[in-house]
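The sequence shown: position 111 = 111 (the UniProt record's numbering), numbered continuously. Every residue gets a Cβ at the ideal spot worked out from N, C-alpha and C, and that includes glycine. For clarity, every value in this text was computed on a predicted model and none was experimentally measured.
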Amino acid sequence: EIFFEISKTQYLKECAVELFDNYASYLTYAERLAAKFYLLKAYLFYSDPLLHDLSSNKLPESLEEVNIEGKRWAECTKTPEYKKFLGKLEEENMKAHLMFEDTYSEVNVVLKDMPIKNF
């Protein structure tokens, strides 16, 4: 279940990169930049709380309906696999934050040159 939640957020980040890099012939630079900005923003909206819960060994809200026993969850969070997984997730989240900051900087440059709706 955790992997499913994380794969959904990873998909948003991958879409942001793919859309920006591969759709230049279909979309303007401003449109691609806007799409990348909003997809990364959505990724961070979901991944930050998930990472916070997992880092504090708390069962994420998105998994509460699965009814995992508290004792089993506590045991899971102490395993080396969990810690390795958490480290990778923290790394991916940090990369996404950096990508978002870079995109945000680019958006500011574009906004000075042309108005884009919904920014």
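Simplified DSSP state of L44, which is helix, strand or coil: helix
Less than 8 Å separating the beta-carbons of Y43 and K71? no
In angstroms, rounded to a whole number, what distance separates the CA positions of Y29 and E81? 41 Å
Separation of Y26 from E65, as counted between CA atoms: 41 Å
So, helix, strand or coil for P60, using DSSP? coil
Is L40 closer than 8 Å to R32 when the C-beta atoms are compared? no
Distance, Cα to Cα, K84 vs V109? 38 Å
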